[in-house]
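Asks:
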Amino acid sequence: MQAQIRLGRIFGIEIGLHYSWLIIAVLIATSLAGHFSEAYPDWATTIIWTTAIMTALLFFAAIIVHELSHAAIARLRGLPVRSITLFALGGVAQIGKEAADAKTEFWMGIVGPLTSALIGALCLGIAWTLGWTFAGEPATPVTAMLVWLGYINFGLAIFNMVPGFPMDGGRVLRGVIWWITGNAAKATRAAAATGQVIAYGFIFLGIFRFFGGAGFSGLWIAFIGWFLLSAAHTSTAQAEVIETFRGVRVADLMTRDCTQVDGNTNLQTFVHEFLLRTGRRCFLVAEKGKFTGLITLNEVKEIPHARWPFTTVYDVMVPLERLRTVTPETPVAEALEILGRENIHQLPVVSNGHLEGMISRDQIMNQLLTRAELKM
Ligand SMILES: [Zn+2]
């Protein structure tokens with residue numbers, strides 16, 4: 049979910065569009081236009097297209113509201129919410145931490161489908177006050193739009209209640225099992241396993257329908273299944289990392305002997321005496337024994353070779369105040385999450401402005417493998 053268009057902020061939460069969304073937006077608007085022109089042959093082309101585009105936009109607004117409802121519960125429960133992204137298969141709210149208790153998990157999951165159902169009821173309710181009845185076809189562009197939005201939001205509510213990771217229903221299932229058994233790990237495995245079974249169900253159904261002559265819609269179902277499967281794998285892997293490192297702090301894994309370099313060293317010397325000689329990628333910059341910043345291969349790569357002798361480590365280093373740091377008490381799972389989100393390889397461990405050590409992605413991964421082999 050890296051490449052995206054930023055739309056702005058709502059309640060401090062960044063709203064973005066992934067490029068894959070644009071394709072689906074065009075598909076939905078054109079298929080809606082096709083649907084309207086078939087159902088209402090007397091409508092003018094401009095009315096058909098205006099209604100189709102408005103309906104598609106409101107549909108995506110409803111998805112954003114659905115994601116905002118997840119974000120609101122997360123906020124209420126003290127979990128940080130970073131962003132909401134719309135992509136080809138819907139929306140996703142990026143929540144910085146896992147729920148700490150079963151109740152939070154349950155509410156965070158169920159609020160989404162509830163919100164979609166509420167939006168659906170609201171749309172159908174307004175259409176009804178405008179003269180639409182369940183028996184008849186909607187008569188005006190506005191009621192046609194409201195009725196379509198009403199049904200699609202009910203559809204979303206039901207689809208999201210599918211009880212397996214990564215669907216909202218998976219969270220609900222996990223919350224319930226967690227609450228009954230008191231065992232988060234067990235609940236995660238159950239929600240993940242159900243998610244995988246459902247994903248395979250979608251894939252087989254899609255293939256079956258494709259060979260039964262359903263064409264594109266069959267392939268689409270299979271594609272959704274494939275997406276669910278890979279998302280189920282990802283959420284399972286994440287949950288396993290969190291389980292493995294439950295109670296493990298950064299202080300337990302970090303290296304304390306970090307290689308330091310003087311800030312006045314020029315890059316020519318730095319590359320030959322430090323980077324190439326030690327094989328390390330990252331060095332601490334110190335001034336009179338005090339930690340002032342960090343320099344890595346990446347900063348050096350930015351500078352042309354010819355300028356190396358005239359550029360010092362100070363000139364290109366990332367200063368301490370711009371560095372993302374963790375404390376020795378930070379949980380390892382959280383450190384790993386920061387490394388992934390910021391797309392960096394290592395984090396300085398700092399307490400009270402004093403450098404304690406470094407923790408890197410490789411270190412955490414090696415630990416993960418070792419612990420997995422020892423079945424810890
Ligand atoms: Zn949801």
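Residue numbers for the sequence shown follow the numbering used here, so the first one is 49 and each next one is one higher.
Here a beta-carbon is modelled for each residue, glycine too, at the ideal position from N, C-alpha and C.
Does DSSP put residue 53 in a helix, a strand or coil?
Replies: Residue 53 falls in the strand class under three-state DSSP.
Asks: Where does residue 324 sit, in a helix, a strand or coil, going by DSSP?
Replies: Helix, per DSSP.
Asks: May I ask you to list the residues that DSSP assigns as paired with residue 73?
Replies: In DSSP, residue 73 forms no bridge with anything.
Asks: Suppose only complete runs of 4+ residues qualify. What are the alpha helix (DSSP H) ranges in the segment 328-390, listed by chain order?
Replies: For the segment 328-390, whole alpha helix (DSSP H) runs of length 4 or above, ordered along the chain, are 345-349, 361-364 and 380-390.
Asks: In whole angstroms, what is the alpha-carbon distance linking residue 239 and residue 349?
Replies: Whole-angstrom Cα-Cα distance: 45 Å.
Asks: Closer than 6 Å by C-beta to residue 432: which residues in its own chain qualify, once you throw out the five before and the five after it? Chain order, please.
Replies: Nothing in the structure corresponds to residue 432, since the chain is present only between 49 and 424.
Asks: Give me, in chain order, the residues of the same chain whose beta-carbon lies closer than 7 Å to that of residue 118; leave out the 5 immediate sequence neighbours on both sides.
Replies: These residues qualify, in order along the chain: 141, 156, 159 and 160.
Asks: For a test of your reading of the model: does the CB of residue 173 fall under 6 Å from any non-hydrogen atom of ligand 1? Yes or no.
Replies: No, ligand 1 has no heavy atom inside 6 Å of this Cβ.
Asks: Exposed or buried, residue 36, counting other C-beta atoms within 10 Å across all chains shown (16 or more means buried)?
Replies: The shown model of the chain, from 49 to 424, leaves out residue 36, and the question about it has no answer.
Asks: Counting only the same chain and skipping the five closest in sequence on each side, list residues whose C-beta sits under 7 Å from that of residue 202.
Replies: Cβ within range, chain order: 165 and 168.
Asks: Report whether the distance from the Cβ of residue 201 to the nearest heavy atom of ligand 1 is below 6 Å.
Replies: No.
Asks: Heavy atom of ligand 1 less than 6 Å from the Cβ of residue 160, yes or no?
Replies: Result yes, Cβ under 6 Å from ligand 1.
Asks: Measuring straight from C-alpha to C-alpha, what distance separates residue 404 and residue 299?
Replies: About 9 Å.
Asks: What's the gap between the Cα of residue 425 and the Cα of residue 101?
Replies: What is shown of the chain runs 49 to 424, which leaves residue 425 out entirely.
Asks: Three-state secondary structure (DSSP) at residue 237?
Replies: In the structure shown, residue 237 sits in a helix (DSSP, three-state: H, G or I).
Asks: To the nearest whole angstrom, what separates the beta carbons of residue 332 and residue 308, a pair I think is in contact under 8 Å?
Replies: With 8 Å as the limit, residue 332 and residue 308 qualify as a contact, their Cβ atoms being about 5 Å apart.
Asks: Please tell me whether, using a cut-off of 6 Å, the distance from the CB of residue 208 to the nearest non-hydrogen atom of ligand 1 is below it.
Replies: Indeed, a heavy atom of ligand 1 lies less than 6 Å from the Cβ.
Asks: So, helix, strand or coil for residue 417, using DSSP?
Replies: Reduced to three states, the DSSP call for residue 417 is helix.
Asks: Tell whether a beta-carbon distance below 7 Å holds between residue 98 and residue 84.
Replies: No; because the gap between Cβ atoms is not below 7 Å, this pair is not in contact.
Asks: Please classify residue 96: is it buried, with 16 or more other beta-carbons within 10 angstroms of its beta-carbon, or exposed?
Replies: Counting Cβ neighbours within 10 Å, residue 96 comes out buried, since at least 16 surround it.
Asks: Which partner residues of residue 398 appear in the DSSP bridge assignment?
Replies: Paired residues: 403.
Asks: Less than 7 Å separating the beta-carbons of residue 329 and residue 345?
Replies: The answer is yes: Cβ separation under 7 Å.
Asks: In the structure shown, what three-state DSSP assignment does residue 314 receive?
Replies: Three-state DSSP puts residue 314 in a strand.
Asks: Is the CB-CB distance between residue 104 and residue 87 below 7 Å?
Replies: Not a contact, by the Cβ cut-off of 7 Å.
Asks: Tell me whether residue 219 is buried or exposed, calling it buried when 16 or more other Cβ atoms sit within 10 Å of its Cβ.
Replies: It counts as buried.
Asks: Taking DSSP's pairing of strands, which residues face residue 134 in a bridge?
Replies: Paired residues: 65 and 139.
Asks: Do residue 212 and residue 236 have their beta-carbon atoms positioned less than 7 Å apart in this structure?
Replies: Cβ distance not < 7 Å, so residue 236 and residue 212 don't count as in contact.
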